[in-house]
Amino acid sequence: MRAVIVLCIAGTIGSLPAAASELTTYTVRAQAQAGTYAATGTIEAVRAGTLASQVSGRVIEVRVRNGDDVKLGQPLMEIEVGEADDAAIATRAAADGAAARLISAQADFERAQQLRAQDYISVAAIQRAEAALRSTQADARASEALAKAARTRAAWHTVTAPYAGHVTDLWVSAGDLATPGKPLVGLYDPTALRVVARLPESVAGHVQSGQAAQLSLGETAPIAIGAWRVIPAVDPVTHSVEVRADLPAGSALQPGQFVELLLPLRDLSAQIRIPSRAILRRSEVIGVYVVDADGAAHLRQVRLGPAVGDTVSVLSGLQGGEQVALDPVAAGRR
Numbered sequence: 000m001r002a003v004i005v006l007c008i009a010g011t012i013g014s015l016p017a018a019a020s021e022l023t024t025y026t027v028r029a030q031a032q033a034g035t036y037a038a039t040g041t042i043e044a045v046r047a048g049t050l051a052s053q054v055s056g057r058v059i060e061v062r063v064r065n066g067d068d069v070k071l072g073q074p075l076m077e078i079e080v081g082e083a084d085d086a087a088i089a090t091r092a093a094a095d096g097a098a099a100r101l102i103s104a105q106a107d108f109e110r111a112q113q114l115r116a117q118d119y120i121s122v123a124a125i126q127r128a129e130a131a132l133r134s135t136q137a138d139a140r141a142s143e144a145l146a147k148a149a150r151t152r153a154a155w156h157t158v159t160a161p162y163a164g165h166v167t168d169l170w171v172s173a174g175d176l177a178t179p180g181k182p183l184v185g186l187y188d189p190t191a192l193r194v195v196a197r198l199p200e201s202v203a204g205h206v207q208s209g210q211a212a213q214l215s216l217g218e219t220a221p222i223a224i225g226a227w228r229v230i231p232a233v234d235p236v237t238h239s240v241e242v243r244a245d246l247p248a249g250s251a252l253q254p255g256q257f258v259e260l261l262l263p264l265r266d267l268s269a270q271i272r273i274p275s276r277a278i279l280r281r282s283e284v285i286g287v288y289v290v291d292a293d294g295a296a297h298l299r300q301v302r303l304g305p306a307v308g309d310t311v312s313v314l315s316g317l318q319g320g321e322q323v324a325l326d327p328v329a330a331g332r333r
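Rendered as structure tokens:
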């Protein structure tokens with residue numbers, strides 16, 4: 000990771016009068032602007048994971064391949080059901096029987112209430128009818144819960160997609176034995192991606208979390224990042240903190256890609272930048288031609304900083320207000 004100070008470039012390009020009219024010059028002055036820190040990060044999916052088996056059984060069918068797009072709830076593979084399907088049928092039948100007995104017990108209790116109102120049965124008889132109703136209600140609830148649990152266990156034999164996404168890995172094929180906890184399918188959601196990067200502890204306190212960040216993609220235009228945050232925890236080994244930046248929907252990026260995240264800093268710094276074409280390199284000498292008021296060009300050695308686009312920062316050797324020749328070769332011939 001490296002720190003890059005992005006500054007506003009203010010200058011005028013014009014032509015000197017009189018003798019040096021053929022020399023195009025650039026007048027520079029430094030203006031301070033908030034800097035940025037360039038952190039190397041990795042693209043990762045917000046929703047990504049490995050689907051594991053919840054039951055034991057032979058894999059009888061795999062319905063997807065690596066790279067396939069899947070929808071929410073789409074079946075991915077089938078594991079032999081075995082006794083699970085029979086158990087689901089049996090418990091469902093038991094639950095239906097309990098429900099029928101509940102209907103009968105409810106009718107018996109209502110009749111007992113009518114008879115008690117006419118004083119045809121005793122209080123003890125109505126209490127027995129009510130107890131029988133409550134017992135039947137409990138049996139019906141227990142039977143229904145067992146039926147749902149058996150149905151859920153039977154459904155585990157069909158592995159489905161928990162969200163729409165891309166299949167990244169398949170660890171089994173038809174005929175393999177699936178056991179609880181064994182990885183089956185790797186999956187990620189391409190619609191929710193983020194950048195994960197790390198900042199040195201010394202830099203973390205200077206970032207402006209309320210400002211937009213940028214994702215640098217090399218030759219393509221940068222992507223503005225509005226939602227990003229610094230995780231308030233320092234790694235005791237690397238003495239760095241983690242930054243997570245959510246990518247806008249539709250970003251044509253893939254998990255695992257390396258990118259550069261430009262984070263805004265609070266500190267201001269002034270720096271002179273000039274066009275890169277004004278730099279003259281001769282062996283180990285790096286310099287520019289400074290044109291004085293009389294139009295004479297003088298070679299001056301400079302020390303350069305990082306380049307951004309078609310400009311480069313000048314750390315020493317120039318002062319604001321001076322004019323440099325944009326064509327150093329032509330200036331050297333004078």
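Numbering-wise, numbering that gives the first Met the number 0 puts 104 at position 105 of the sequence shown, and it's gapless, one number per residue.
Backbone N, C-alpha and C define an ideal beta-carbon position, used for all residues, glycine too.
None of these values were measured; they are calculated from a predicted model.
From which residue to which residue does the alpha helix (DSSP H) around residue i run?
i, result
"T135", "V122 to A154"
"Q322", "Unbroken run through Q322 is the beta strand (DSSP E), Q322 to A324; no alpha helix (DSSP H)."
"I88", "E82 to A116"
"E200", "E200 to A203"
"P274", "Premise fails: P274 lies in the beta strand (DSSP E), I271 to P274, not in any alpha helix (DSSP H)."
Going by Cα to Cα distance, which pick from the options is closest to residue i?
i, options, result
"V202", "V284, R265 and L214", "R265"
"S55", "T178, V63 and R115", "T178"
"A131", "A146, L186, R115 and A111", "A111"
"L50", "I102, A92, Q300 and V158", "V158"
"T26", "V328, V323, G331 and A330", "V323"
"D138", "I102, T41 and A29", "I102"
"K147", "G34, T190, D84 and I278", "D84"
"L279", "Y36, R332 and G40", "R332"
"I222", "S239, D67 and D245", "D245"
"R28", "V328, G319, A330 and A232", "G319"
"D175", "I230, V58 and T39", "V58"
"A248", "I224, V229 and R228", "I224"
"G96", "G34, T190 and S142", "S142"
"S312", "G286, I271, D118 and E109", "I271"
"R62", "L303, V287 and V166", "V166"
"G81", "R152, S250 and S315", "R152"
Taking the CB atoms as reference points, tell me whether residue i and residue j lie closer together than 8 Å.
i, j, result
"L214", "V242", "no"
"L216", "V45", "no"
"P254", "V206", "no"
"A154", "L186", "no"
"V289", "E321", "yes"
"E200", "S239", "yes"
"V194", "V258", "yes"
"V233", "S208", "no"
"T39", "A212", "no"
"F108", "A128", "yes"
"N65", "D168", "yes"
"T135", "A92", "no"
"A94", "L145", "yes"
How far does the beta strand (DSSP E) with residue i in it reach, from first residue to last?
i, result
"S312", "T310 to S315"
"D168", "G164 to L169"
"V61", "G56 to V61"
"V328", "V328 -> not in any beta strand (DSSP E); alpha helix (DSSP H) instead, spanning P327 to G331."
"G48", "A47 to A51"
"P334", "Since the first residue shown for the chain is 0 and the last is 333, residue 334 is missing from the structure and cannot be characterised."
"R347", "With the chain covering only 0 through 333, there is no way to say anything about residue 347."
"P182", "P182 to Y187"
Would you kindly work out how many angstroms separate the C-alpha atoms of residue i and residue j, rounded to a whole number?
i, j, result
"L298", "R281", "11 Å"
"I273", "T310", "5 Å"
"V184", "A87", "26 Å"
"G10", "Q210", "Low confidence applies to G10: its pLDDT is 47, below 50, so where it sits in the model is not reliable enough to give any reading."
"A24", "L261", "In the sequence under discussion, the amino acid at residue 24 is Thr, which differs from the Ala named in the question. The straight-line gap from Cα to Cα measures roughly 32 Å."
"G13", "A220", "Any reading at G13 must be qualified, since the residue scores a pLDDT of 47, below 50, and its modelled position is unreliable; no value is offered."
"S275", "A292", "23 Å"
"V122", "R115", "7 Å"
"G48", "T237", "27 Å"
"P235", "W227", "23 Å"
"K70", "L252", "20 Å"
"A90", "R133", "Here residue 90 is Thr; the residue named in the question, Ala, does not match the sequence. Answer to the nearest angstrom: the Cα atoms are 21 Å apart."
"A98", "D68", "43 Å"
"Q126", "R140", "21 Å"
"L317", "T41", "39 Å"
"S315", "A277", "15 Å"
Task: Segments assigned beta strand (DSSP E), at least 3 residues, entirely inside the stretch 211-247 - done: 212-216, 219-224, 227-233 and 239-245
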